[in-house]
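Inspection log for the structure reproduced underneath, given as structure tokens.
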Amino acid sequence: MAAVQDGQLNLEVEKDIKTEITNDGSGNINANSSSPGSTSSGGKSKSPAGSGEDQQTLLAVLQFLKRNKLTESVDILRREAGLSADADDSPVSESAGAGSGGVPSVGADGGDANSLLSRVSIVTPIAPPATAPPKVVAASGGEDQPDVNVVLSAYSQQGDPVLYPLYYNGLKKFIESVLDCHRAELSQVFYPLFVHMYLELVYNNHENEAKQFFEKFSGDQECYYEEDLRILSSMSKKEHMKGNETMLDFRTSKFVLRISRDSYQLLKRHLQERQNNQIWNIIQEHLYIDIFDGMPRSKSQIDAMSGSLAGEGKRDANKAKVFYGLLKEPEIEVPLDDEDEEAENEEGKPKKKKPKKDSMGSKSKKQDPNAPQQTRIPLPELKDSDKLDKIMNMKEATKKIRLGPDNLPSICFYSFLNAYQGLTAVDFTDDSSLIAGGFADSTVRVWSVTPKKLRRVKSAADLSNIDKESDDVLERIMDEKTASESKILYGHSGPVYGISFSPDRNYLLSSSEDGTVRLWSLQTFTCLVGYKGHNYPVWDTQFSPYGYYFISGGHDRVARLWATDHYQPLRMFAGHLADITCTLFHPNSNYMATGSADRTIRLWDVLTGNCVRILTGHKGPIHSLAFSPNGKFMASGATDGRVLLWDVGHGLMVGELKGHTDTIYALKFSRDGEILASGSMDNTVKLWDTLKAFDDVELDDFTAATGHIHLPENSQELLLGTYMTKSTPVIHLHFTRRNLLLAAGAYNP
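According to the numbering used here, the sequence shown is numbered sequentially starting from 643.
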């Protein structure tokens, strides 16, 4: 047993557990604990009655527990120390407490009781020299067998349940008494402490005490943890914890708190003075304190970044360089249209439109300094049909409408009437010629938006009779007898939750509750491959902007990267603490974003498989993501009804758009990136001036280093228009190549 005397540490402490907090230079606290010699190989606790001093200390503790009628704790201590029932009736000598001058008298208030127990059973952290890393030294007990000098650092260890409210309340009073500038930061500690103290009580079968603790302090927590607290309250018995996913999240992941150095020192000093190692050890065991140098953050700054299941993202997680620039476009000559040539000849200015197209070509020849290397990941070679499509795209781009606050897009809404099958997902092809819907009855339906009907390829016998050298061979291979406005694809055995067209319009992906992703041919309207890797429902799937690759994510919390010609995934991206609800490729295809029910967004490097950004701020599960056309910014929407804007390069939130009153299921930037459209379950489409939102952003080095953000309160200034449907939730948005906005949803009478 080690004790503190006159600020010096007893040498016997070397025999006890040492829990070191190492500072890696960036202010990140990492707890590493070991317990040499603390338990025998059989798992039984070591008897602490090995010396006279320890014997006297134990007797003092027993007498204190008896005076306070804590009979259960008395029995546990006796059993673990191997003492007889009358051993604690002997008087306590002056040497009790390892030379600390005897045990002080204890008053009725919890503060002294707390102080005494801490003094007897715990070694207080001593302030280290300025050059040495701070150390916290605590006594160790058996993993499963509780001991009197065990600090509650894991749920398998047990303390007096009566003292939990006292510890929590003592810290609460301290934080409420500090200066306002520190109070907001230190208040972040309340929620994770509350969760782990409650779970420790439940794990150790103190059901009544846990219930009282929950009722007393659950009202102090932030409103955005309401759903987590509801799940937590359902775990009132130890048996409830087995196999519970939320419980597993709390136990296996450290809650990240970002706190300024001054605020951290205040908290540390308070816990040392009060010798409250119960709370300190929970902080070590279950929290990751990310310390930064600088001014403490305000309440509004903290609230903007808080709300995820595991706290904020670590600053280290957002320091990796992200090559967000676009890849250089291949050099393709754009021939002039006949009508363009005629118009130019009539005017006598044959080169009037030529500079536009030349300038467009020269723009694509410039290498973006923020772009990845062209060969960083292998991309499929362009086929002749792809080149023709790019030419058409460039021609359309010359005719697109330049959008802005004074020139809003027209909106064309596709309502699915009588969708009794239950519409769950929608997608448009890039050229807006096809629309597909995924339904709860396990089917996928494809419609032609243009007058051109959908046709299948002829049978093999008929194809052998076709002249393959003819100019219109692609037309000849199609069977006119099969022409129809829509096709139904059968194959899934559960509701279809995600669909995505390939860029070349030859394929369609669908993901389902049956745990599979299917690849469909839009030439034969048959299933080509069923990709099996997920064991649970797959909520979303998306093609890469260059085709060939696609991503999927679902209930198993793991995103998978696939290639269409491989039946197994190329990469698996693990890290989310809840379902992956939406997925999206970056425009340069080198990165992909995943949104989750854990209320975080993660950006993954396709090449290395590493997570290069963790973005927190949403207060509910995330259901929609959108990258700006230049790849520099991203927008996200969630059940909290907010649209958050992010700077991908710095990993910082740069805007917050408020206005929707329900879950945001659809986000899309216009082709020039100057307008963001958002669609919600509140039956509205809103248009936002993102050009102004991003122009107002100032990201200096200090902001990027500390993670401070100053969100302007200008949501209403950025709102350009709100467009209501009669009774149709908006689940998909798409800008055509000429910047016409298409929206889709199922009419809900």
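Just so it is clear, CB atoms sit at the ideal spot from N, CA and C, and this is done for glycine as well.
Q) What is the DSSP secondary structure of residue 924, counted as helix, strand or coil? A) Correct three-state label for residue 924: helix.
Who are the near neighbours of residue 1034 in its chain, counting only those whose CB is closer than 8 Å to its CB and skipping five residues on each side?
Correct list, in chain order: 1073.
Report all residues from its chain with a CB closer than 7 Å to the CB of residue 1211; omit the five preceding and five following residues, and keep chain order. So the qualifying residues of the chain are 1175, 1202, 1203, 1204.
- Does the beta-carbon of residue 1381 have 16 or more other beta-carbons within 10 angstroms, so that it is buried, or is it exposed? With 16 or more other Cβ atoms within 10 Å, it is buried.
*asked:* When you compare the CB positions of residue 876 and residue 853, do they come within less than 8 Å of one another, or not?
replied: In this structure, residue 853 does not lie closer than 8 Å to residue 876 by Cβ.
| query | Can you name, in chain order, every residue of its own chain whose Cβ lies under 6 Å from the Cβ of residue 1169, other than the five neighbours on each side? | reply | Answer for residue 1169: 1133, 1160, 1162, listed in chain order.
Would you mind working out which of 1294, 1321, 1301, 931 sits nearest residue 1307, comparing C-alpha positions? Here the closest residue by C-alpha is 1321.
Inset, instruction - State the start and end residues of the unbroken beta strand (DSSP E) segment that holds residue 1224. - result: It spans 1222 to 1227 - the beta strand (DSSP E) in which residue 1224 sits, taken as one unbroken run.
Residue 1030 versus residue 1265: straight-line alpha-carbon distance, rounded: Each residue's Cα considered, the two are about 34 Å apart.
Measure the alpha-carbon distance for residue 913 versus residue 820 and round it to whole angstroms.
One C-alpha to the other measures close to 14 Å.
* Asked: Taking all protein chains shown into account, do 16 or more other C-beta atoms lie within 10 angstroms of the C-beta of residue 958, making it buried, or fewer, making it exposed?
  -> Here residue 958 is exposed, its C-beta having fewer than 16 other C-beta atoms within 10 Å.
Do residue 1129 and residue 1096 come within 8 Å of each other at the CB atom, strictly closer than that value?
Contact annotation: residue 1096 and residue 1129 have beta-carbon atoms nearer than 8 Å.
Review point. Which term fits residue 846, buried or exposed, when burial requires 16 or more other beta carbons within 10 angstroms of its beta carbon?
Key: The residue is buried, with at least 16 neighbouring Cβ atoms inside 10 Å.
Neighbourhood of residue 981 by C-beta distance below 6 Å, restricted to the same chain and skipping five residues each side:
Only weak support exists for where residue 981 lies, its pLDDT of 48 falling under 50; the value from the coordinates is given anyway. Excluding sequence neighbours, residue 981 sits near nothing in its chain.
*Could you tell me whether the Cβ atoms of residue 1065 and residue 1335 are closer together than 8 Å?*
With respect to residue 1335, residue 1065 sits apart: the two C-beta atoms are not nearer than 8 Å.
Whole-angstrom distance between residue 939 and residue 1154, CA atom to CA atom: Whole-angstrom Cα-Cα distance: 43 Å.
*Per-residue burial, residue 702 [other beta carbons within 10 Å of its own, 16 or more giving buried]*: It counts as buried.
When the Cα atoms are used, what is the spatial distance from residue 1377 to residue 1224?
The C-alpha of residue 1377 lies about 19 Å from the C-alpha of residue 1224.
Problem set entry | C-beta contact flag for residue 1100 and residue 1119 at 8 Å | In this structure, residue 1119 lies closer than 8 Å to residue 1100 by Cβ.
Practice item. In angstroms with no decimal places, state the Cα-to-Cα distance between residue 827 and residue 922. Key: Spanning the two alpha carbons is a distance of roughly 17 Å.
DSSP three-state label for residue 1197, please.
Looking at residue 1197 - three-state DSSP - the assignment turns out to be coil, as it is neither helix nor strand.
| said: Tell me the residue span of the alpha helix (DSSP H) that contains residue 838. | reply: Where residue 838 is concerned, the enclosing alpha helix (DSSP H) starts and stops at 832 to 845.
Task: Nearest candidate by alpha-carbon position, reference residue 1326, set 1298, 1025, 1361 - done: Answer by Cα proximity: 1361.
In the stretch 927 to 970, which residue ranges form an unbroken beta strand (DSSP E) of at least 3 residues, counting only runs that do not cross its ends? Complete beta strand (DSSP E) runs here, min 3: 929 to 934.
Exercise. Please state whether DSSP places residue 1094 in a helix, a strand or coil.
Key: Coil, per DSSP.
Using 10 angstroms around the beta-carbon of residue 1107, count the other beta-carbons present and answer buried if the total reaches 16, otherwise exposed. Exposed.
Status (buried if at least 16 other CB within 10 Å, exposed otherwise) for residue 1009 = Residue burial is scored here from C-beta neighbours: residue 1009 has fewer than 16 other C-beta atoms within 10 angstroms and is therefore classed as exposed.
Within 10 angstroms of its Cβ, does residue 1052 collect 16 or more other Cβ (buried), or is it exposed?
Counting the other Cβ atoms within 10 Å of the Cβ of residue 1052 gives fewer than 16, which makes it exposed.
Can you list the beta strand (DSSP E) stretches of 3 or more residues lying completely in the stretch 1036 to 1088, in chain order?
-> With a minimum length of 3 residues, the continuous beta strand (DSSP E) runs that stay inside the stretch 1036 to 1088 are 1053 to 1058, 1065 to 1070, 1076 to 1081.
**OP:** Please decide whether residue 1257 counts as near chain D, where near means a Cβ-Cβ distance under 8 Å.
**Re:** Protein chain content of the structure displayed is limited to a single chain, and chain D is not contained in it.
What ranges does the alpha helix (DSSP H) occupy inside the stretch 845 to 873, keeping only unbroken runs of at least 4 residues that lie completely in it? Entirely contained in the stretch 845 to 873, the alpha helix (DSSP H) runs reaching 4 residues are, in chain order, 849 to 859.
Quiz item: Can residue 901 and residue 888 be called in contact, C-beta distance under 8 Å?
Solution: Contact check for residue 901 against residue 888 fails: the beta carbons are separated by 8 Å or more.
So the alpha helix (DSSP H) residue 1132 belongs to, where does it begin and stop?
Premise fails: residue 1132 is in no alpha helix (DSSP H) and is neither H nor E.
With three or more C-beta pairs closer than 8 Å as the rule, is the stretch 964 to 975 touching the stretch 1257 to 1264?
In this structure the stretch 1257 to 1264 does not touch the stretch 964 to 975; the number of beta carbon pairs closer than 8 Å is below three.
Where does the unbroken alpha helix (DSSP H) through residue 826 begin, and where does it stop? Run containing residue 826: 822 to 828, per the alpha helix (DSSP H) assignment.
For residue 1061, collect the residues of the same chain with a Cβ closer than 6 Å to its Cβ; drop the 5 residues on either side in sequence, then sort them by chain order. These residues qualify, in order along the chain: 1388.
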